[in-house]
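Residue numbers (UniProt numbering): 1 to 497.
For glycine and all other residues, C-beta sits at the position ideal for the given N, C-alpha and C.
What follows is one structure encoded as structure tokens, with my remarks underneath.
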């Protein structure tokens, strides 16, 4: 056993000199390598070199086999066998395993260029064990040197192994497992590739024709050659017949041309008469077709109601909707203000569209449909009772959302715009009533009330306000239906005061 004082020294040397060549982690050398006997060292270094070398290395060595005379090769083999246990090639170690503070004595152990092909004794490679036990004091003084010598011997062994294989040594246990897995995969791939080559070779050998098959193919070839010659002779005869037929056809074609000229003269006079008759008939048919088309187009347009497609007014529970946008709010369903603003924009656009179709102008208001930011401009009059073009009040028909301010302050702007919208709707309703006495809006409008509901949000709950908006959409739907079926007569007034 090693004493506790010797173990740290060994660990320091290992951490300084020996690390894994793949992961660069420090290695702990196994006891069998630290205390390696000369026989074991000789067995490891004299192993078959082809077992560690790659196929490419073996190929190169085979190519270099005859670079020197056979007589020198035989002499080299005899000397190698006679000194099998003691002759070694001194292989230099890699520079990354030397300590920066390595002494000259360490360099002599690793070997330099001058020591190439030097015969070493077993004691120089792996020092033999002492027969007589030294004193305790001598063991303590030489323990570090002996251990360093053994580690350097192990490092020398790793260099020999690295030179004989494509893997750099030393390698830790984990990296060894990874290398083994990779080698096993390469072995499996090589086996599969070998099997594929064997199968391909079998198929290639099976496809080689026999002598009987070659003879049959040769006979078939000569038979086809004879048939080709006969076919060529038959083709020549057919070409001659074709030439005779072409000459006959040319003569008939010339005769036909003469007959066609005579026929053309005959039909020319007739065609002139038929052309005049056809012109009169075409003109008659064209007039009839145009009349039928225009009648059907007029009938189709009379049945078409584009306003119902552009402005689809419906309901969704307690809410009135226009083009799928809900107009209103409740405690149970808090509709987003963006949706409400968009619905108001569609409603204002409906009012403007109907007014343009009926050629109606609103008194005191100018509508600006702009989607979610629609507004109504209130036209003021000057001292001469003329409408102002600038400085008019713009009523915003939208809200920015819920506010922490009281309803009276937060919804003051949109309340004023909704009251102005009711006034415009009332004016348009009065105009439609003047055009058709039987037409009456379902819900009456008086100032800020429609039916029995107030349209202002400041003094209302959401449910009451939602009912008022639903009544607004109902009146708009009635006016839209009137505009769809109404035909304006020329000179008909379009302004109601």
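Cβ neighbour criterion (16 or more within 10 Å) applied to residue i
i           : result
residue 369 : buried
residue 385 : exposed
residue 342 : buried
residue 498 : Because residue 498 is not part of the residues shown, which for the chain are 1 to 497, the question remains open.
residue 23  : exposed
residue 436 : exposed
residue 561 : Lying before the first or after the last residue shown, residue 561 is absent from the chain, which here runs from 1 to 497.
residue 191 : exposed
residue 162 : buried
residue 114 : Because the pLDDT at residue 114 is just 38, under 50, the model does not fix this residue reliably, and the value given afterwards should be weighed accordingly. Classification for residue 114: exposed.
residue 230 : exposed
residue 322 : buried
residue 200 : exposed
residue 39  : exposed
residue 423 : buried
residue 225 : exposed
residue 41  : buried
residue 346 : buried
residue 287 : exposed
residue 454 : buried
residue 159 : buried
residue 249 : exposed
residue 429 : buried
residue 274 : exposed
residue 371 : exposed
One or two residues paired with residue i in a DSSP bridge
i           : result
residue 32  : Note: residue 32 sits in no beta bridge, so no partner.
residue 378 : 365 and 393
residue 26  : 19
Anticipated Cβ contact below 8 angstroms, residue i with residue j, distance rounded
i           : j           : result
residue 373 : residue 398 : 6 angstroms
residue 316 : residue 326 : 6 angstroms
residue 443 : residue 471 : 4 angstroms
residue 154 : residue 33  : 5 angstroms
residue 307 : residue 484 : 5 angstroms
residue 157 : residue 167 : Actually they are not in contact, since the Cβ atoms of residue 157 and residue 167 sit about 14 angstroms apart, beyond 8 angstroms.
residue 458 : residue 415 : 5 angstroms
residue 420 : residue 378 : 6 angstroms
residue 354 : residue 445 : That pair is no contact at about 16 angstroms.
residue 170 : residue 21  : 7 angstroms
residue 499 : residue 351 : The question about residue 499 has no answer, for the chain in this structure spans 1 to 497.
residue 401 : residue 337 : 5 angstroms
residue 393 : residue 413 : Not quite, the Cβ-Cβ distance comes to about 10 angstroms (not below 8 angstroms), so this is no contact.
residue 427 : residue 339 : Contact doesn't hold; Cβ gap of about 28 angstroms is too wide.
Reduced DSSP category for residue i - H, G, I as helix; E, B as strand; rest coil
i           : result
residue 445 : strand
residue 170 : coil
residue 476 : helix
residue 450 : strand
residue 153 : helix
residue 387 : strand
residue 208 : coil
residue 437 : coil
residue 282 : helix
residue 271 : helix
residue 247 : helix
residue 165 : coil
residue 202 : helix
residue 188 : helix
residue 401 : coil
residue 481 : helix
residue 455 : coil
residue 214 : helix
residue 421 : helix
residue 358 : coil
residue 486 : coil
residue 427 : helix
residue 194 : helix
residue 230 : helix
residue 276 : helix
residue 412 : helix
Chain B within 8 angstroms of residue i, Cβ atoms only
i           : result
residue 261 : Chain labels in this structure do not include chain B; a single protein chain is all it has.
Cβ-heavy atom distance, residue i to the ligand ATP, below 7 angstroms
i           : result
residue 258 : As presented, the structure is devoid of all ligands, the ligand ATP included, so that no description of it is given.
Length-filtered (4 minimum) alpha helix (DSSP H) runs lying within the stretch 285-345: The DSSP assignment places 306-310 as complete runs of the alpha helix (DSSP H) inside the stretch 285-345, in order along the chain (cut-off: 4 residues).
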